[in-house]
Amino acid sequence: MKENEEEKSGQLVTPGEVLGKPAELKAGKGAYVSPHNNTVYASLTGFRTLTYPPPDSPDPRPTVDVTGHKAHGAVPEIGAIVIARVTKVMARMASADIMCVGPKSVREKFTGIIRQQDVRATEIDKVDMHSSFHPGDIVRALVLSLGDARAYHLSTAKDELGVVSAESAAGATMVPISWTEMQCPLTGQIEQRKVAKIGA
Amino acid sequence: MAGKISNTPATYMPSPTSQNKKMSSIFTGSDWVRPDGRGPHQCRPSFLRTGAVNYASGSAYAEFGNTKVIVSVFGPRESKKAMMYSDMGRLNCNVSYTSFATPIRGQASESKDLSSMLHKALEGAIILESFPKTTVDVFALVLESGGSELPVIISCASLALADAGIMLYDMVASVSMSCLGKNLVIDPVSEEESYQDGGLMITCMPSRNEVTQMTVTGEWSTPKIHEAMQLCLDACSKLGKIMRSCLKEAVTLPQE
Numbered sequence: 006m007k008e009n010e011e012e013k014s015g016q017l018v019t020p021g022e023v024l025g026k027p028a029e030l031k032a033g034k035g036a037y038v039s040p041h042n043n044t045v046y047a048s049l050t051g052f053r054t055l056t057y058p059p060p061d062s063p064d065p066r067p068t069v070d071v072t073g074h075k076a077h078g079a080v081p082e083i084g085a086i087v088i089a090r091v092t093k094v095m096a097r098m099a100s101a102d103i104m105c106v107g108p109k110s111v112r113e114k115f116t117g118i119i120r121q122q123d124v125r126a127t128e129i130d131k132v133d134m135h136s137s138f139h140p141g142d143i144v145r146a147l148v149l150s151l152g153d154a155r156a157y158h159l160s161t162a163k164d165e166l167g168v169v170s171a172e173s174a175a176g177a178t179m180v181p182i183s184w185t186e187m188q189c190p191l192t193g194q195i196e197q198r199k200v201a202k203i204g205a
Numbered sequence: 257m258a259g260k261i262s263n264t265p266a267t268y269m270p271s272p273t274s275q276n277k278k279m280s281s282i283f284t285g286s287d288w289v290r291p292d293g294r295g296p297h298q299c300r301p302s303f304l305r306t307g308a309v310n311y312a313s314g315s316a317y318a319e320f321g322n323t324k325v326i327v328s329v330f331g332p333r334e335s336k337k338a339m340m341y342s343d344m345g346r347l348n349c350n351v352s353y354t355s356f357a358t359p360i361r362g363q364a365s366e367s368k369d370l371s372s373m374l375h376k377a378l379e380g381a382i383i384l385e386s387f388p389k390t391t392v393d394v395f396a397l398v399l400e401s402g403g404s405e406l407p408v409i410i411s412c413a414s415l416a417l418a419d420a421g422i423m424l425y426d427m428v429a430s431v432s433m434s435c436l437g438k439n440l441v442i443d444p445v446s447e448e449e450s451y452q453d454g455g456l457m458i459t460c461m462p463s464r465n466e467v468t469q470m471t472v473t474g475e476w477s478t479p480k481i482h483e484a485m486q487l488c489l490d491a492c493s494k495l496g497k498i499m500r501s502c503l504k505e506a507v508t509l510p511q512e
């Protein structure tokens, strides 16, 4: 509970408490503006913190955030980078369970799919799903859209996206050797993957 | 043996007619004493705590007199596969009774009705846009039924939602009222509820001063309804304050 002591200076608020007027404040995280009576309210329990914009910005209003206490578990959003584990590879798509959204791990399971056209940026019609992913691979992907009722649509069509960790047939964690190949350190066998470029 | 059996009746039944007559004479009088000795406009003492269920994302326990309720909130989590796609989040509510909630086993009221009432009461207070495509599950369990369950469940659920960190427009407080003859009694116990001529429940967001749900049953006269609504709204705003202080306590005195 170190956090509490650090942020005790901020006032503790609960959902529905008035934070101020939108003329003086911008609603940030955990706050919202109610249009019908023109008031900024809190929507979470937490500490009220004010962030002042740099002096040269056109909008001089500070942003009010409510932070510090519990927020609900992470939910995938459009544009977020997620870490997912591949569960099933089919001819036109692969399905994956989302494990992390940005830096936060999810509390509940979310399913995503990577379609054939979203695996890489070039020659998207020649992608072979089976030489891009295998079940059990850990993939870094971008959330393209909320998808359909079943799954989120994910994409790995960027250098830094793709397989970040994979096990070989022999059961060892493989070492990436190019953007399409990974090698098993035990057997020296080379397997095909859509490899993510890490740390470049 | 056979003769003995025929002498004793196969089923036991209290004679409700004589009891009813006794009660109704008290109820028609203007100075009606409540079974628990409260004043007509006095609510039951309440006890509220968040974090009753470790396993849930958020939970709360509420005790109003003899009515004891646990609400757990799960999610936001993936909606069921059969659900249509939606840009907004969904709320799923379920109310159930323990088998020992009522003095006689299995006498609990229809919990499906309560579930949809709970859903309607909470729906308006949740910022559903904050978790698109996903579902928040609210499970309420009535441990002991001592009257006015629904308002207790609603208030407790709103506390559990706040504990789970679900974005809310405001807390939701709910209070009910019974009309017994000439008397208006707030926060009725089961006994009073069973003899009421009319019942009224108001669910409101105290700080925004908005009503999310209002249910009126039975016989009411316009001035009575007016008075009851004023009393309920006032009680809601006071209950809201208690709920806020409960949430604040949970932050300042961590129970872990």
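Chains as they are written, first to last, in the numbering used here: chain A, 6 to 205; chain B, 257 to 512. Just so you know, even glycine gets a beta-carbon here, dropped at the ideal spot from N, CA and C. Small disclaimer: the values here were computed from a predicted structure and weren't measured.
Beta strand (DSSP E) containing residue i: first to last residue?
i: S430 (chain B); result: 429-436
i: T127 (chain A); result: Premise fails: T127 (chain A) is in no beta strand (DSSP E) and is neither H nor E.
i: A318 (chain B); result: 314-320
i: D70 (chain A); result: 68-72
i: D419 (chain B); result: That residue, D419 (chain B), is in no beta strand (DSSP E); its alpha helix (DSSP H) goes 405-420.
i: E400 (chain B); result: 390-400
i: G454 (chain B); result: 454-461
i: R198 (chain A); result: From DSSP, R198 (chain A) is part of no beta strand (DSSP E); its letter is neither H nor E.
i: H158 (chain A); result: 157-160
i: V309 (chain B); result: Neither: V309 (chain B) is in no beta strand (DSSP E) and is coded neither H nor E.
i: N465 (chain B); result: Note, N465 (chain B): premise wrong, no beta strand (DSSP E); not H, not E.
i: S170 (chain A); result: 167-170
i: M423 (chain B); result: Looking at the DSSP string, M423 (chain B) is not in any beta strand (DSSP E), and its letter there is neither H nor E.
i: M187 (chain A); result: 186-188
i: V289 (chain B); result: Run containing V289 (chain B): none; DSSP gives neither H nor E here.
i: I442 (chain B); result: 439-442
Work out the CA separation of residue j and residue i for me, nearest whole Å.
i: A175 (chain A); j: E186 (chain A); result: 16 Å
i: K202 (chain A); j: I103 (chain A); result: 20 Å
i: E196 (chain A); j: A76 (chain A); result: 41 Å
i: K114 (chain A); j: D153 (chain A); result: 16 Å
i: T478 (chain B); j: D453 (chain B); result: 14 Å
i: P67 (chain A); j: A357 (chain B); result: 51 Å
i: M95 (chain A); j: S342 (chain B); result: 26 Å
i: K277 (chain B); j: S450 (chain B); result: Legend: pLDDT at K277 (chain B) = 39, less than 50; position of this residue unreliable, value from coordinates given subsequently. Each residue's alpha carbon lies about 14 Å from the other.
i: S386 (chain B); j: A36 (chain A); result: 12 Å
i: S434 (chain B); j: T390 (chain B); result: 38 Å
i: D164 (chain A); j: Q188 (chain A); result: 19 Å
i: W476 (chain B); j: A85 (chain A); result: 55 Å
i: I282 (chain B); j: R294 (chain B); result: The predicted model places I282 (chain B) with a pLDDT of 45, which falls under 50 and marks its position as unreliable; any figure quoted below should be read in that light. Whole-angstrom Cα-Cα distance: 16 Å.
i: I182 (chain A); j: K109 (chain A); result: 29 Å
i: Q16 (chain A); j: S372 (chain B); result: 36 Å
i: K368 (chain B); j: Y157 (chain A); result: 32 Å
i: V106 (chain A); j: N310 (chain B); result: 23 Å
i: F52 (chain A); j: K34 (chain A); result: 11 Å
i: S136 (chain A); j: K199 (chain A); result: 8 Å
i: S130 (chain A); j: S160 (chain A); result: With the sequence shown as reference, residue 130 (chain A) is identified as Asp, and Ser is not the correct amino acid for it. So the alpha carbons of these two residues sit roughly 15 Å apart.
i: M470 (chain B); j: S430 (chain B); result: 9 Å
i: G403 (chain B); j: E366 (chain B); result: 14 Å
If you measure between the beta carbons of residue i and residue j, is that distance less than 8 Å?
i: A89 (chain A); j: A126 (chain A); result: no
i: L436 (chain B); j: I458 (chain B); result: no
i: A79 (chain A); j: V124 (chain A); result: no
i: I326 (chain B); j: S48 (chain A); result: no
i: V507 (chain B); j: A416 (chain B); result: no
i: G21 (chain A); j: V45 (chain A); result: no
i: L370 (chain B); j: V351 (chain B); result: yes
i: R396 (chain B); j: T468 (chain B); result: A small fix is needed here, since residue 396 (chain B) is Ala in this sequence, not Arg. It is not a contact, given that the beta carbons lie outside the stated cut-off.
i: P217 (chain B); j: E447 (chain B); result: For chain B, the structure presents residues 257 to 512; residue 217 (chain B) sits outside this window and is missing.
i: S313 (chain B); j: A420 (chain B); result: yes
i: L151 (chain A); j: P332 (chain B); result: no
i: L503 (chain B); j: T50 (chain A); result: yes
i: M134 (chain A); j: I118 (chain A); result: no
i: T323 (chain B); j: E400 (chain B); result: yes
i: P190 (chain A); j: V148 (chain A); result: no
i: C349 (chain B); j: V394 (chain B); result: yes
i: S302 (chain B); j: A316 (chain B); result: no
i: H375 (chain B); j: L347 (chain B); result: yes
i: V445 (chain B); j: G362 (chain B); result: no
Residue range of the alpha helix (DSSP H) that residue i falls in?
i: H482 (chain B); result: 478-508
i: S450 (chain B); result: 446-451
What residue ranges within the region 332-367 of chain B form continuous alpha helix (DSSP H) runs of no fewer than 4 residues, ordered along the chain? none
Check distances from the C-beta atoms of the region 28-40 of chain A to those of chain B and list, in chain order, the residues that come in under 9 Å. G35, Y37, S39
To test your reading of the DSSP string, which unbroken beta strand (DSSP E) runs of 3 or more residues are found completely within the region 21-97 of chain A? 23-25, 36-39, 44-47, 51-56, 68-72, 86-94
With 7 Å as the limit, tell me which residues of the region 76-99 of chain A have their beta carbon closer than that to any beta carbon of chain B; keep them in chain order. A76, H77, G78, V80
Closer than 8 Å between beta carbons: that is the criterion. Which residues of the region 324-337 of chain B meet it against chain A? F330, G331, P332, R333, E334, S335, K337
What are the residues in the region 97-120 of chain A lying within 8 Å of chain B by C-beta distance? R112, E113, K114, F115, T116
Using a beta-carbon distance cut-off of less than 7 Å, what residues from the region 146-174 of chain A approach chain B? L151, D153, A154, R155
Going along the chain, which unbroken runs of the beta strand (DSSP E) with 3 or more residues stay wholly within the region 100-145 of chain A? 109-120
Chain A contacts made by the region 340-357 of chain B, where a contact means CB separation under 9 Å: M340, Y341, S342, D343, G345
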